Amino acid sequence: MPLRRTGFFWGRGQVEDGDADRERLSDSRVFELPFQPGWVDLTREEGGWIEAWSTATAVATTQFDPAKLKVGTKALIRDLRRRTLALNSGESSSAAVYYTPEGRAVAELRTDWYGEIGAPRPSPEEVVPLLLDGAGSETIGEPDIRYMDLPCGSAARVQATLATRGRLGFGSRRGSFIKYALFPPGVHDLCVVWVSWWDERDSDEAVRLTDEVVAGMRLVPLEEEGTEARVQP
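In the numbering used here, the protein residues as written are 18 to 250.
What follows is the structure, encoded as structure tokens:
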């Protein structure tokens, strides 16, 4: 059974209607993501081209030091726009990219909520094969699979290398990812944090960055109606 995205965004989950034992996360709490300097928050409720271009322009001109950049501003804006569009497709809960001060992207992050009304939430062990099931991709070697308890709940962690087929099935591109399936207590859905990168030389840093963010994720009170998932400065 494939994971079914609930369609919720801004880091919120839901529970089945009428289930008195499970709190509606969207009514009371949101995930706080402890992004450190270098992470660029690209989360957008609307993922259209115009909004992506506006976001990319604002980020490129306000969050980077021109004296340190080794890429042109126009090239950086194009890269940010492309990643904003891609990461916010499918109503992702949050989207971010880690950049070096020189303007090189190291890793991409997105979070999504998955669940199906009327169906039980899978266990951490049951969700691992679903995390490894990548459309158009083949896992290379043995994945690193771990189970753990985090401040935000139980979790399954999968790290693997993939070969992704090119257009029309010709050629392939090799990349790596870490996926965390998070199981907040009392919530019907599960949250998947997905970080991917393409340059093998970035692996150690990407792993450190991912584990750092997930270890610090917290469910925090919703301060007011309409508050989005919060990112720590």
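For every residue, glycine included, the Cβ atom is placed at its ideal position computed from N, Cα and C. The model shown is predicted, which means the values in this text are computed figures rather than measured ones.
Check your understanding: Can you tell me whether DSSP reads residue 202 as helix, strand or coil?
Key -> coil
Review point. CB residue 61 to CB residue 79, shorter than 8 angstroms?
Key: no
Check your understanding: Looking at the unbroken beta strand (DSSP E) that takes in residue 6, where does it start and where does it end?
Key -> Examination of residue 6 is not possible in this model, given that the chain is present from 18 through 250 alone.
Point to revise | Sequence-distant residues of the same chain with beta carbon closer than 8 angstroms to residue 214, five excluded per side | key: 123, 124, 125, 192, 193, 194, 220, 223
**Study point:** Nearest-angstrom Cα separation, counted from residue 67 out to residue 85
**Key:** Spanning the two alpha carbons is a distance of roughly 28 angstroms.
Check your understanding: Which first and last residues belong to the alpha helix (DSSP H) in which residue 142 is found?
Key -> 141 to 149
Practice item. Spell out a yes or no on whether the segment 149 to 164 and the segment 126 to 136 are touching, meaning 3 or more CB-CB pairs, one atom from each, closer than 8 angstroms. Key: no
Exercise for review: Assuming residue 101 and residue 69 form a contact by the criterion Cβ under 8 angstroms, report the distance between their Cβ atoms to the nearest whole angstrom.
Suggested key: 4 angstroms
Point to revise | Three-way DSSP call (helix, strand, coil) for residue 76 in this model | key: helix
Check your understanding: Between the C-alpha atoms of residue 172 and residue 197, what's the straight-line distance to the nearest angstrom?
Key -> Cα-Cα distance, rounded: 6 angstroms.
Practice item. Leaving out five residues on either side along the sequence, give the residues of the same chain with a beta carbon under 6 angstroms from the beta carbon of residue 144. Key: 173, 198
Point to revise | Buried/exposed call for residue 218, threshold 16 Cβ in 10 Å | key: exposed
Point to revise | Spatially closest choice to residue 216 from 170, 178, 137, 140, by CA coordinates | key: 178
Exercise for review: Kindly indicate which residue of 211, 203, 154, 205 has the alpha-carbon position closest to the one of residue 190.
Suggested key: The candidate whose alpha carbon is nearest that of residue 190 is 154.
Practice item. Flag this pair as yes or no: are the beta carbons of residue 119 and residue 235 separated by less than 8 angstroms? Key: no
Exercise for review: Output the boundary residues of the beta strand (DSSP E) element that contains residue 94.
Suggested key: That residue, residue 94, is in no beta strand (DSSP E); its alpha helix (DSSP H) goes 90 to 104.
**Study point:** Coarse secondary structure for residue 66, derived from DSSP in three states
**Key:** helix
Check your understanding: When the Cα of residue 180 is compared with those of 206, 204, 169, 150, which residue comes out closest?
Key -> 150
Review point. Where residue 168 and residue 229 are concerned, what is the direct C-alpha to C-alpha distance, given to the nearest angstrom?
Key: 13 angstroms
Practice item. With DSSP as the reference, label residue 71 as helix, strand or coil. Key: helix
Exercise for review: Kindly indicate which three-state DSSP category residue 133 falls into: helix, strand or coil?
Suggested key: coil
Check your understanding: What residue does the beta strand (DSSP E) around residue 156 start on, and which one ends it?
Key -> 154 to 167
Exercise for review: Report the residue from 115, 107, 98, 87 whose alpha carbon sits nearest the alpha carbon of residue 56.
Suggested key: 115
Point to revise | Exposed unless 16 or more other CB atoms sit within 10 angstroms - verdict on residue 77 | key: Result: buried.
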